[in-house]
Structure formats: C-alpha cells, structure tokens
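Data first, discussion second: the structure below is written as structure tokens.
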Amino acid sequence: DAKTTQPNSMESNEEEPVHLPCNHSTISGTDYIHWYRQLPSQGPEYVIHGLTSNVNNRMASLAIAEDRKSSTLILHRATLRDAAVYYCILRDSNSGYALNFGKGTSLLVTP
Amino acid sequence: DSGVTQTPKHLITATGQRVTLRCSPRSGDLSVYWYQQSLDQGLQFLIQYYNGEERAKGNILERFSAQQFPDLHSELNLSSLELGDSALYFCASTGTSGTSTDTQYFGPGTRLTVL
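Order-wise, the sequence lines are chains A and B.
In case it helps, this note's numbering puts the first sequence at residues 53 to 163.
In case it helps, this note's numbering puts the second sequence at residues 457 to 571.
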C-alpha cells in the first residue's frame with residue numbers, strides 16, 4: 053500500500069488559514085487522495101478528496117502537486133471547532149478501499 | 457450526525473469474556489466497515505461486509521468475527537478478550553461495495569474496556 057507522511061502536530065491561530073501538508077511519494081496513478089478528520093471523542097469524518105486537480109468544497113480546499121507526490125489541505129479560516137486530527141489517506145483496491153489512517157496531524161487552534 | 461449508529465456506547469468486561477458490538481449503517485448503505493482505534497496502533501481497518509457478504513479483511517484477529525444481517529446491520533464479535541483489546545471500535549458505512557471515491561460515514565464508536 054502506498055504510504056503517506058504528515059507532521060505529527062501543527063498549531064494555528066483562530067481565523068488564520070492553515071496549510072496541512074502530506075507527502076505520498078509512492079502514490080500510484082489510480083490512487084485518490086482523501087482527507088478525513090477526527091474531532092475529539094468523535095468518529096472520523098470526511099473532509100475532501102481529489103485525484104489530480106485542485107478541489108474545493110465548503111469545508112476546505114485540496115491542493116495537489118503536479119507530480120502528485122504531495123498534497124496540502126487548506127482550511128481557509130481556522131476556527132476552534134477545527135481542532136482535530138487530520139488524516140491524509142490514499143485509497144486503493146488492495147483492502148476493499150478501506151481507509152488506511154496512519155498517524156495524522158494533530159491541529160491545535162488557539163484563540 | 458452521520459446517520460450511523462453504534463451500540464453500546466461503552467462496554468466494560470473482564471479478560472476471557474465475549475462481547476458483541478452492534479452497528480446500524482445509514483439508510484440505504486450496503487457496506488459496513490469495522491475499525492479499531494487503540495493508543496498504540498492508531499485507527500486500523502478490521503473487516504468489511506457488503507450486502508451480507510464478507511468483502512475485505514484487514515488486521516482482524518482470529519478471536520474476532522463479524523457478520524452482516526439481512527436488514528444490513530452488522531455485529532462485531534470479540535471473544536477470549538485480552539487487556540490489549542481495550543480500544544474504541546468504529547463502524548463506517550458506504551453505499552457501494554468499495555470505490556476510490558466513495559465517502560465512509562462513521563458512527564460514534566463503542567469504547568471497550570477489558571479489565
């Protein structure tokens with residue numbers, strides 16, 4: 053399975069943009085890049101996904117490098133409710149498209 | 457609210473015992489995935505069922521088993537429990553058998569404590 057590498061933790065000020073990086077140098081051409089987050093005491097929730105082009109939705113933006121070996125999740129204005137562990141995940145068929153979570157990045161948002 | 461429900465919320469039991477965790481997927485979803493989250497191993501995929509049939513297996517121990525019933529709810533059975541089985545158990549559901557793009561919707565989890 054292709055693996056991802058994320059920083060263990062990041063800190064941001066409230067209402068500032070946050071850029072969460074993810075490296076996936078062994079990504080294959082058919083792997084989609086997914087981001088999920090897990091708020092304290094809750095189950096994970098979907099944030100965004102993409103293949104090659106940058107993607108935007110109401111929660112965040114996903115910027116994908118041209119060579120697809122890295123991507124960045126962008127939260128445009130962090131709020132205290134965005135404090136969570138963010139997981140960058142590559143989806144593949146080897147395990148029925150199950151999510152391979154890794155350690156993720158713990159995002160701290162300070163007022 | 458994801459629409460996925462899990463019961464019970466908390467479970468405390470002793471080593472050697474057997475427990476059953478229950479998951480009801482979102483209305484219309486045919487796939488259920490089970491995950492285990494422990495402090496040392498993180499979130500790990502255990503097993504997937506699609507429309508009553510086992511679809512994929514992850515790091516599931518032989519002491520653990522699961523099934524999906526005709527009404528699509530799923531149960532995860534954990535037997536001969538050990539202290540190391542203490543963890544949060546999540547289920548997730550999707551409408552497909554598994555694709556690169558489908559979204560998994562997670563339940564609130566069951567916290568299992570083995571004493």
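Idealized CB from N, CA, C, for every residue including glycine.
Specify the secondary structure class of Arg482/B as computed by DSSP and reduced to three states.
coil
inquiry  = Between which residues of its own chain and Arg478/B is the CB-CB distance below 6 Å, once the five residues before and five after are set aside?
reply    = The residues are Thr463, Glu531.
Are the CB atoms of Gly551/B and Asp457/B nearer to each other than 7 Å? no
- Closer than 8 Å, Cβ to Cβ, to anything on chain B: give me those residues from the stretch 104-136 of chain A, in chain order. none
Cβ atoms of Val137/A and Gly156/A: under 7 Å apart, would you say?
yes
For this session: Inspect the beta-carbon positions of Gly95/A and Pro564/B and report whether they are closer than 7 Å.
Result: A Cβ-Cβ contact shorter than 7 Å links Gly95/A with Pro564/B.
Strictly below 9 Å CB to CB, what residues from chain B border Leu151/A? Tyr489, Tyr491, Leu499, Phe501, Ala548, Gln560
- Item | Contact set between Thr56/A and chain B, taken where Cβ atoms lie within less than 7 Å | Result: empty, since nearest Cβ-Cβ is about 13 Å, beyond 7 Å.
* Asked: Can you list, in chain order, the residues of its chain whose CB lies under 7 Å from that of Pro163/A, leaving out five sequence neighbours each side?
  -> The answer, listed in chain order, is Glu66, Leu132.
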